[in-house]
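Down below is the structure, laid out as C-alpha cells.
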Amino acid sequence: MANYIEYDMIKKISIKKQNCYFIIEEDFFLSNEIQKIILTQYKKETYHIIKIHIKLHVDWNMVYHEYQQTELFFKKKVLIITIDKNKCNHETIFHIKNIIQQKNKEIIFILHYINFSYKHDIIFFKNIIGSNQIIINCRYLNIKKTKLWIQKIILNMKINLTEDIIDLLSNFYEKNLLMLFKMLQVLKIINTNKNLTKKYIKNISVNHIQFNINHWIYELFSNHKLQAIKILNYFKKNKYKILYLLQAIKINLIYLIHMKLNYIDQNYFHKHQKKIIFFEKKLKYKIHIKHINYKKIYKIINFLQKIDIYYKTFHHQLLWEKLKILIIIF
C-alpha cells in the first residue's frame with residue numbers, strides 16, 4: 040500500500056519530493072494548505088501549474104495531452120486534477136490509473152479527491168494507488184486538535200488569547216477552520232487596542248455568522264432575488280456551511296406560517312428568537328410577506344425536502360444550484 044500521512048497541522052510535515060501525490064479532502068482549508076506545502080518544495084524551479092476539475096463530461100484526450108506534452112518556456116509543470124466523489128466512475132478510475140502508470144518525470148502530478156473518506160473508500164484507493172506513492176488524508180480536526188492548531192497559529196500571529204477563549208473558539212468553529220482562521224485575523228487587528236475577553240469574542244463570533252445569514256434571509260423573504268443570489272454566491276466562494284442556511288430558512292419559514300395563521304407559539308419564538316431574523320422588522324414584514332401565499336409555501340417546503348435528500352446523499356456541489364432555484368421559487 041502507498042505511504043499514508045494523516046494531516047497534522049501541529050507537527051511540521053515533511054513530504055518527500057516525488058512525482059505523484061494524492062490528497063483526500065474532508066477539510067478544504069487543510070487540503071489547500073497541503074497543496075501549498077507541496078508546491079513550496081519546487082519553488083526554486085519554474086513550473087507551469089495546470090488545474091483540471093473532473094466533471095460529468097471530460098475530454099480525456101486533452102488531459103493526456105497536458106500530461107505528455109513538454110513545455111517550451113517552463114522547466115516542468117504541475118498538473119492538479121480535482122475529482123469529486125460524485126463524478127468518479129469506472130471511466131475516471133481507468134484513465135487516472137493509466138496516467139499514473141505513465142510516470143512522466145517532467146510533471147508533478149497532484150490528485151485532489153473531494154468528499155472521499157480514506158476509511159470508507161480504502162478499497163478504491165488500494166486499487167488506484169501504487170505502493171511508492173503518498174496519500175495525505177486531510178480529515179476534519181476534532182476539538183482537541185483544533186485547540187492545538189489555534190495555539191500554534193496565535194503564536195505565529197502574535198495574538199494573546201486565554202485558555203478560556205481558545206476553548207470557546209475551538210468549540211464554536213469545530214470543523215470549520217477557514218472561518219476560524221478568518222476570525223483569528225479579525226482578532227489580530229482588534230488585539231492591538233483592546234483587551235480580548237470571552238464575552239467580547241463570543242459576541243463577535245455570533246455576529247460574524249449571524250450577520251451574513253440575517254442579510255441573506257432578509258433578501259430571500261423580501262423577494263429580492265438578485266441580491267439573495269449574490270449573497271449565496273459569496274457563501275459558496277467562502278465555503279460556507281449549507282446546513283446553517285437550511286436551518287435558517289426552516290426556522291423563519293415555520294414562524295411565517297405561524298404569523299399567517301395569526302398564531303404565535305411563544306415557546307417556539309423564545310427558543311429560536313435569535314434565529315428568527317427576518318421578522319424582527321415588525322413594521323415592514325406585512326408588506327414583504329404578501330407575495331408568499333400558502334401555495335408558494337407548499338412549493339418551498341416540497342423543494343426543501345428534496346434539498347435535504349441531496350444533503351444526506353453528499354451531493355454538496357449540487358446543493359448550491361438547488362438553493363438558487365429555491366430563491367427563484369420564493
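At position 193 of the sequence shown (counting the first as 1) the number is 232 in the working numbering, and the numbers step up by one without a gap.
The C-beta atom is built at its ideal place from N, Cα and C for all residues, glycine as well.
The bridge partners DSSP lists for K90 are I119.
As summarised for the stretch 122–158, the continuous alpha helix (DSSP H) elements at least 4 residues long and confined to that stretch are 129–141, given in chain order. Going by beta carbons, I366 and K264 fall inside the 7 Å limit. Counting the other Cβ atoms within 10 Å of the Cβ of T79 gives fewer than 16, which makes it exposed. The bridge partners DSSP lists for I44 are I175. Contact fails between the stretch 214–232 and the stretch 261–275, because fewer than three Cβ pairs, one in each stretch, are under 8 Å apart.
For F274, the secondary structure class from DSSP, reduced to helix, strand or coil, is helix. E45 is classed as exposed because its beta carbon has fewer than 16 other beta carbons within 10 Å across all chains shown.
Setting aside the 5 residues that flank it on each side, V225 has no residue in the same chain whose C-beta is closer than 6 Å to its C-beta. In terms of CA proximity to F369, L292 leads the group K345, L292, I348, M298. Assigned with DSSP and collapsed to three states, I161 falls in helix. Rounded to the nearest angstrom, the gap between the Cα atoms of K183 and M222 is 18 Å. According to the DSSP secondary-structure assignment, I63 is paired through a beta bridge with Y152, N176. Linking I348 to N195 through their CA atoms gives a straight-line distance of about 42 Å. For the 7 Å CB-CB criterion, I119 and I73 do not form a contact. With distances taken between CA atoms, I139 lies nearest to Q57 out of N242, Q57, L357.
Scanning its chain for C-beta atoms nearer than 7 Å, with the 5 sequence neighbours on each side dropped, one finds no residue around E130.
For the 7 Å CB-CB criterion, L362 and K278 do not form a contact. Around the C-beta of N128, fewer than 16 other C-beta atoms lie within 10 Å, and the residue is accordingly described as exposed. In the structure shown, K197 falls within a coil segment according to DSSP collapsed to helix, strand and coil. Contact between Y350 and I173 is absent: CB atoms are separated by about 32 Å, not below the 8 Å threshold.
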